[in-house]
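When we follow the numbering used here, the leftmost residue of the sequence shown carries the number -2, and every step to the right adds one. By construction, the Cβ of each residue, glycine as well, lies at the ideal position given by its N, Cα and C atoms. Only one structure is covered here, and it is reproduced in the block below.
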Amino acid sequence: MNLLDGKKVSEEIKNEIATEVAKMKANGEKVPHLAAIIVGNDGASLTYVGSKVKSCERVGFESTLVKMPSTTSETELLKKIKELNLNDDIDGFIVQLPLPEQIDTQKIIMAIDPSKDVDGFHPENFGKMALDMTTFIPATPFGILELLERYNVETKGKHTVVIGRSHIVGRPMSILMGRRGFPGNSTVTLTHSHTKNINQITSQADIIITALGVPNYLKAEMIKDDAVIIDVGITRVPDETTEKGYKIVGDVDFEFVSKKASFITPVPGGVGPMTIAMLLKNTLLAREQKRS
Ligand code: GUN
């Protein structure tokens, strides 16, 4: 079994980005500036956004965190987005999901200027991605592609099974793995809550990407020998033996699945840190596009 070490690879990527930023600074150019909007007090979302902002510092980016109360109306959030769209100093921004239920997520995503949509969620960017055009690729799928590439995991002609069809991970991942080129050229099956006989499908997969959010869902009996396993799950499970009172658990029953897999991502330290690194990469791209 080979570990796909997202922690290590994400550090490499952040070092590469930091080198680019240092060059910009040395040339007297403006450095990339990422903003993040968070609405409400969800502990996990606050932690993720906090990590995103902290990583900006690490690579030399400027960052702005906009915290809005859970009672924020759709109109108020749209107004803030308009402000960020018009603010020339900000190269890219994200609105952390999920949003409180009084806010229509699609409406919010549609309001983001596509040239600043470093999450790659706007339909213009999502469409470009599906059409193989240059654009912002959503950070989590982008991070998975980067891991596969840097570990030289063969994807051509392989059967990739994606579990979960979320707009953030499963859906874009299924498109990207079937695209021309590397990593890609896979035959893709996208499975979801209405899929029948899922064990039969997963046990035929060369590559499984699971983005379900159900702890220890994927068992060793569901995979074939030497499958490649990518675990996107990050669920907080109460654990009094830890300082924080919880631990992070993936979708994969790691202890047993890792014994059968050829490559596998750990949780934590797999896909999670890659997501942040690729968000920074997209922000650097946004800055560079503005410059050219
Ligand atoms: N919530 C979970 N993952 C993401 C992400 O990649 N971007 C945003 N904006 N919200 C998320």
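Item	Value
How about residue 108: is its Cβ closer than 6 Å to a heavy atom in the ligand MG?	Although the ligand MG was asked about, the structure shown includes only the ligand GUN as ligands.
Is there at least one non-hydrogen atom of the ligand GUN closer than 6 Å to the beta-carbon of residue 136?	yes
Please indicate yes or no: does the CB of residue 145 lie closer than 6 Å to some heavy atom of the ligand GUN?	no
At which residues does the alpha helix (DSSP H) containing residue 83 begin and terminate?	71 to 83
Residues in the same chain with beta-carbon distance under 6 Å from residue 92, minus the five sequence neighbours each way, listed in chain order, please.	34, 105
Could you tell me whether the stretch 181 to 192 touches the stretch 151 to 169, where touching means 3 or more Cβ pairs closer than 8 Å?	yes
Take residue 146 as the anchor and find which of 125, 182, 95 has the nearest alpha-carbon.	182
How about the stretch 43 to 56 and the stretch 244 to 263: do they share at least three Cβ pairs that are nearer than 8 Å?	no
Check whether the stretch 203 to 222 touches the stretch 154 to 165, taking contact to mean three or more Cβ pairs, one atom from each stretch, closer than 8 Å.	yes
Is residue -1 near residue 260, with beta carbons less than 7 Å apart?	yes
Would you mind giving the Cβ-Cβ distance between residue 212 and residue 234, rounded to the nearest angstrom? I have them listed as a contact below 8 Å.	6 Å
What would DSSP say about residue 64, mapped onto helix, strand or coil?	strand
Could you check if residue 197 belongs to the surroundings of the ligand GUN, using beta carbon to heavy atom distance under 6 Å?	no
Consult DSSP for residue 118 and reduce its assignment to one of helix, strand or coil.	coil
Do the stretch 7 to 26 and the stretch 267 to 276 meet, that is, are 3 or more Cβ pairs less than 8 Å apart?	yes
Taking the straight line between their C-alpha atoms, what separation do you get for residue 111 and residue 194?	39 Å
Check each candidate in 200, 60, 285 and name the one with the smallest Cα separation from residue 218.	200
Taking 7 Å as the threshold (C-beta atoms), are residue 258 and residue 226 in contact?	yes
Leaving out five residues before and five after residue 127 in sequence, what residues of the same chain have Cβ atoms less than 7 Å from its Cβ?	172
Check whether the Cβ atoms of residue 78 and residue 32 sit closer than 7 Å, and answer yes or no.	no
Figure out for me which residue from 101, 50, 125, 280 has the closest Cα to the Cα of residue 290.	Here the chain comprises residues numbered -2 to 289, so residue 290 is not present and cannot be evaluated.
Is residue 234 helix, strand or coil when you go by DSSP?	strand
Kindly list the residues whose CB is nearer than 8 Å to the CB of residue 28, restricted to its own chain and excluding five residues on each side of it in sequence; keep chain order.	18, 21, 22, 57, 58, 59, 284
Figure out for me which residue from 288, 277, 287 has the closest Cα to the Cα of residue 116.	277
If distances are taken between C-alpha atoms only, which option among 1, 281, 122, 132 comes closest to residue 15?	281
Could you check whether residue 262 and residue 246 sit closer than 7 Å to each other, using their CB atoms as the reference points?	no
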